[in-house]
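Listed in order, the protein sequences are those of chains A and B. Going by the working numbering, the letters in the first sequence line up with residues 178 to 390, in that order. Going by the working numbering, the letters in the second sequence line up with residues 178 to 390, in that order. Taking it in order: structure first as structure tokens, then the write-up.
2 protein chains.
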Amino acid sequence: MKRFSESTVRRLSHYYRVLEEVHAEGQRMISSHLLAEREDITSAQVRKDLSYFGSFGRRGLGYNVEHLRTEIRAILGLDRRWRVALVGAGHIGAALLAYRGFRDQGFDVVAVFDSSAERVGKTLDELVVQDISKLPECGDIEMGVIATPVRAAQEVADMLVAAGVRGILNFAPRKLRVPEGVAVRTVDMTMEFESLSFALSQTRGKSRRRAGE
Amino acid sequence: MKRFSESTVRRLSHYYRVLEEVHAEGQRMISSHLLAEREDITSAQVRKDLSYFGSFGRRGLGYNVEHLRTEIRAILGLDRRWRVALVGAGHIGAALLAYRGFRDQGFDVVAVFDSSAERVGKTLDELVVQDISKLPECGDIEMGVIATPVRAAQEVADMLVAAGVRGILNFAPRKLRVPEGVAVRTVDMTMEFESLSFALSQTRGKSRRRAGE
DNA sequence: CGTTCCTTGTGAAAACGTTCACCTGCGGCT
DNA sequence: AGCCGCAGGTGAACGTTTTCACAAGGAACG
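What follows is the structure, encoded as structure tokens:
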């Protein structure tokens, strides 16, 4: 099976979002140039990305917004619903549950787990927080979200994999070991801060320093 | 000024984290191979990354943990403290404030803003939530975190830039327009979900499908 | 002191991703 | 109908990032 680059997939998400906007504005067609303009991407990149998956445009006209939107939905697997389990009912977990956007995109959080006796039994966004030990029994789950402290992350990942999960969104700042066939995406805010810190250290004084060097 | 790739900087963060662990374990020296092992990176990559910034190792011995740790701290700009303003006191904002890890790394959230009358005036993690209109007066801030609804994101970004911020961590799923010299890192959870969704759609049946294609 | 076993640092090569340039197809206009 | 201008698709060129492979430095040991 052909592999696509992570960057291409991320850009598809961008295109999809732009298409949603443009669709809402009632536009029928859109050119690769316009599609690119809203992000900082070149039109050639847009055409190349899309061409990996098919020929969706028409020469001289551009892309049909409605059609391309449907195609990208299908490519990204957004033309179905995904059953998601959330592990960790702390602040991050609660933030995720509160954000309706995921549900709108087809991601249904159907179970919430935590290990703290304080939180188990409480209701969070219409879901009763269950003890983590119940995870193996929770049935048909396709994705898991790890929003636990870092020390629990690997253990939770193992449990999720054992429960049949094939995709994990990990908020713990640690690389998870998972068997082949399980996809992991890690969101590491500390790393983002550090990346900013690096960038600011590098450019320090760019606007202040006038002469020399 | 030489530019370094984003991937290199991210890996530096990884190395730093590994070094913290190894340091805590009391190890004195570490080889590029061992440094690589904990992530899925090759040892050559580790050496190449580090060589961009200097020669920190000793042939035959590896890297001195304490020394390399100090060097990377300096490279990433973690040998100082950063003053951070948080805009948006909703779930994500609260989650960030609650996480002590940032403070430990040198990132001090010194002010919290929100536009909702409900939240302004409340105390969140020892900080009083101020009205967003007070942002311009908040003084020497180096970084901003945008944890607002997407519709407010660009406006808040403009305000932060006007207030002198040179680094923005953005949780809103939108590309921000900022002047040159301002660094932006966007954490887009919807995109991560979509990336997982794509990955799962691609490999569907990898373990189920036996023969053919 | 020489040999052996490690491990770094780094040019060179390979792989990968992005941009360029051009051909082709399509609608509109005369 | 024929011409013109626009815009997608795509091979080739280009640039960047990763991997390879090896020379050189260093410790240990007989």
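Every residue, glycine too, gets a C-beta built ideally from N, C-alpha and C. Note that this is a predicted model, so its numbers are computed, not measured.
Take the Cβ of E390/B as the centre, count every other Cβ of all protein chains shown within 10 Å, and call the residue buried at 16 or more, exposed below. Low per-residue confidence applies at E390/B: pLDDT is 30, beneath 50, and the placement is therefore not dependable, though the value from the model is reported in the following sentence. Per the 10 Å Cβ criterion, exposed.
Determine which residues of the region 261-278 of chain B have a Cβ less than 9 Å from any Cβ of chain A, and write them out in chain order. Correct list: V261, G267, H268, I269, G270, A271, A272, L273, L274, A275, Y276, G278.
Could you have a look at I318/A and say whether DSSP puts it in helix, strand or coil? Here I318/A sits in coil by DSSP.
Taking the alpha carbon of K225/B as the reference point, which residue from L189/B, V242/B, I207/B has its own alpha carbon closest? Between K225/B and the set L189/B, V242/B, I207/B, the nearest pair of CA atoms involves L189/B.
List in chain order: all unbroken beta strand (DSSP E) runs of 3+ residues lying wholly within the region 251-336 of chain B. The region 251-336 of chain B contains, as complete beta strand (DSSP E) runs of 3+ residues, the segments 259-264, 284-291, 304-308, 320-323 (chain order).
Which term fits T325/B, buried or exposed, when burial requires 16 or more other beta carbons within 10 angstroms of its beta carbon? Buried, by the Cβ-count rule.
Tell me whether the beta-carbon of A275/B lies closer than 7 Å to the beta-carbon of H268/A. Their beta carbons are under 7 Å apart, which means A275/B touches H268/A by this criterion.
Pair every Cβ in the region 227-242 of chain A with every Cβ in the region 255-269 of chain A, then say whether three or more of these pairs are closer than 8 Å. Taking 8 Å as the limit for Cβ pairs, the verdict is that the region 255-269 of chain A does not touch the region 227-242 of chain A.
Under 8 Å: do the region 289-297 of chain B and the region 343-355 of chain B share three or more Cβ pairs, one atom per stretch? Touching, no, given that fewer than three Cβ pairs across the two stretches are closer than 8 Å.
Just tell me which of R205/B, T219/B, S182/B, D335/B has its CA closest to the CA of H244/B. Answer by Cα proximity: R205/B.
Contact residues within the region 365-383 of chain B, judged by C-beta distance below 9 Å to chain A: Those would be D365, M366, T367, M368, E369, F370, E371, S372, L373, S374, F375, A376, L377, S378, Q379, T380, R381, K383, in chain order.
Reduced DSSP category for R180/A - H, G, I as helix; E, B as strand; rest coil: R180/A falls in the coil class under three-state DSSP.
Should the region 312-321 of chain B be called in touch with the region 334-347 of chain B, which here means at least 3 C-beta pairs below 8 Å? With a cut-off of 8 Å, the region 334-347 of chain B and the region 312-321 of chain B count as touching, because enough Cβ pairs lie within range.
Does the region 298-307 of chain A come into contact with the region 249-256 of chain A, if we say contact requires no fewer than three beta-carbon pairs (one atom in each stretch) closer than 8 Å? Counting C-beta pairs with one atom in each stretch, the region 298-307 of chain A and the region 249-256 of chain A have fewer than three that are closer than 8 Å, which means they do not touch.
Hey, which unbroken runs of the alpha helix (DSSP H) at 4 residues or more fall wholly within the region 220-245 of chain B? List check, alpha helix (DSSP H) in window: 220-228.
Whole angstroms is fine: what's the gap from R386/A's alpha carbon to G358/B's? With a pLDDT of 36 at R386/A, under the threshold of 50, the modelled position of that residue is not reliable, and no figure is offered here.
Quick one: residues in its chain with C-beta nearer than 7 Å to the C-beta of L238/B, no 5 flanking neighbours on either side, listed in chain order? The answer, listed in chain order, is M206.
For chain A, is any of its Cβ atoms less than 7 Å away from the one on V286/B? V286/B does not count as touching chain A.
Starting from the C-beta of L346/B, find all residues in its chain whose C-beta is less than 6 Å away, skip the five residues before and the five after it, and write them out in chain order. Closer than 6 Å at Cβ, skipping near neighbours: V322, R362.
For A294/B, is the classification buried or exposed, using 16 other Cβ atoms within 10 angstroms of its Cβ as the cut-off for buried? By the neighbour-count rule (16 or more Cβ atoms within 10 Å), A294/B is not buried but exposed.
Name the chain A residues that come within less than 7 Å of M320/B, Cβ to Cβ? The contacting residues are L373.
Close beta carbons around R258/B, own chain, < 6 Å, minus the five adjacent residues each side: Taken in chain order, the residues that qualify are G283, D285.
Output, in chain order, the set of chain A residues within a Cβ distance shorter than 9 Å of K352/B. Residues of chain A whose Cβ lies closer than 9 Å to the Cβ of K352/B are, in chain order, H191, R215, E216, D217.
Specify, as a first and last residue, the run of the alpha helix (DSSP H) that A376/A falls within. Run containing A376/A: 366-380, per the alpha helix (DSSP H) assignment.
Anything in chain B within Cβ reach of Q282/A, meaning under 9 Å, just list it in chain order. Identification of chain B residues near Q282/A by a Cβ-Cβ cut-off of 9 Å yields T367, F370, E371, S374, ordered along the chain.
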